[in-house]
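Asker: Each residue of the sequence shown is one higher than the one before, starting from 23 at the first, in our numbering. Just so it is clear, CB atoms sit at the ideal spot from N, CA and C, and this is done for glycine as well. Nothing here was measured: the structure is a model prediction, and the numbers come from that model.
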Amino acid sequence: MQDTCRLYTDLAWLWPMWGDAATEYAHYCQHVTGLIRQHARRPTTTLLDIGCGGGKNVLNLKRHFQVTGVDLSAAMLAQAKELNPECTFVQDDMRTCRLGRAFDAVLMDDAISHMSCRTDFVAAFRTAHAHLNPGGILVATPDVTTETLQQNKTTTTPSTRDGVDVLFIENVYDPDPTDEQYETTILYLIREHGRLRIETDHWTMGVFFLDMWRRV
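#1: Rounded C-beta distance between Leu-94 and Val-128? I'm assuming under 8 Å.
#2: Examine the Cβ distances between the region 175-191 and the region 149-157 and report whether three or more of them are shorter than 8 Å.
#3: Where does the unbroken alpha helix (DSSP H) through Gln-60 begin, and where does it stop?
#4: Quick one: give me the first and last residue of the alpha helix (DSSP H) that His-151 is part of.
#5: Out of curiosity, what's the CA-to-CA distance linking Ala-43 and Trp-37?
#6: So Thr-26 and Asp-223 are in contact, right, with Cβ under 8 Å, and what is the actual spacing, rounded?
#7: Can you have a look at Glu-202 and say buried or exposed, based on whether 16 or more other CB atoms are within 10 angstroms of its CB?
#8: Between which two residues does the alpha helix (DSSP H) holding Leu-232 run?
#9: Buried or exposed: Ile-11, going by 16 or more other Cβ atoms within 10 Å of its Cβ?
#10: Leaving aside the five residues before and after Ala-102 along the sequence, list all residues of the same chain whose C-beta is less than 8 Å from its C-beta, in chain order.
#11: For the alpha helix (DSSP H) containing Asn-82, name the first residue and the last one.
#12: Relative to the alpha-carbon of Phe-87, which residue among Gln-52, Met-116 and Met-137 has its alpha-carbon at the smallest distance?
#13: Out of Ile-134, Thr-170 and Ile-212, point me to the one whose CA is closest to Phe-231's CA.
#14: Just to confirm the assignment: which complete beta strand (DSSP E) runs, minimum length 3, are found wholly within the region 146-190?
#15: For Ala-145, which residues in the same chain have their Cβ closer than 6 Å to its Cβ, ignoring the five residues on either side in sequence?
#16: Is it right to say His-49 is buried, meaning 16 or more other beta carbons lie within 10 angstroms of its own, or is it exposed?
#17: Assuming His-136 contacts Met-39 (C-beta within less than 8 Å), just tell me the rounded distance between them.
#18: Going by beta-carbon coordinates alone, are Asp-126 and Leu-69 separated by less than 8 Å?
#19: Tell me where the beta strand (DSSP E) around Ala-127 begins and ends.
#20: Taking 7 Å as the line, does the beta carbon of Asp-223 fall inside it for any heavy atom of the ligand NAP?
#21: Taking all protein chains shown into account, decide if Pro-199 is buried (16 or more other Cβ within 10 angstroms of its Cβ) or exposed.
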């Protein structure tokens, strides 16, 4: 099945409805900030968010750091800029991005899971390391590792905004456990004015053993 990644293009308008920035993302960013404060070997004032998406993490992290965000999707960056007009955002590829400056901390959230082969995975980490000040800290938080992936896991998330009801149905499946990829398939049940339309999305994602994350 061909990859679509429509959540980052024509269906990007749904992204603000999936997960509340002030609650769900705030808890995650509090955890990230705690890790940085605990393990940083230098004062940490600047942070690069690689794969920042629609800027929900930036919304919370900017309370603690001067945040710059990088993402490949123009549609997602437009949302990030609207949510965080005082922050800097750059459209670029995490595998090849070089901003010409370094940061005290670098964050790679679940966007790193889109690195669906080892070559891309390593390239993204090289990007992260290239943007770290001496003594800086990298925080990488994958959705899953090979050890934690739950076969055929399905989650549902309902949301309502401005008269639109959406049910996000996300399924994770690994058709070949011997390789380093898995599939994420998403159904979007969208009801506007009582009328239902169903949209679909399909992503090929990378999955690696925890030891690989530690060694890279």
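Answerer: The relevant details are as follows:
#1: Actually they are not in contact, since the Cβ atoms of Leu-94 and Val-128 sit about 17 Å apart, beyond 8 Å.
#2: no
#3: 46-61
#4: 140-152
#5: Each residue's Cα considered, the two are about 11 Å apart.
#6: Indeed they touch by this definition, with Cβ atoms about 5 Å apart.
#7: buried
#8: 232-237
#9: Missing from the structure shown is residue 11; the chain here goes from 23 to 238 and no further.
#10: Cys-74, Gly-75, Gly-76, Gly-77, Val-80, Gly-91, Asp-93, Cys-109 and Phe-111
#11: Residues 78-83.
#12: Gln-52
#13: Thr-170
#14: Fully enclosed beta strand (DSSP E) runs of no fewer than 3 residues occupy 154-162 and 175-183 of the region 146-190, in order along the chain.
#15: Arg-117
#16: Exposed.
#17: His-136 to Met-39, Cβ: 21 Å. No contact.
#18: yes
#19: 125-130
#20: This structure simply doesn't include the ligand NAP, nor any ligand for that matter.
#21: exposed
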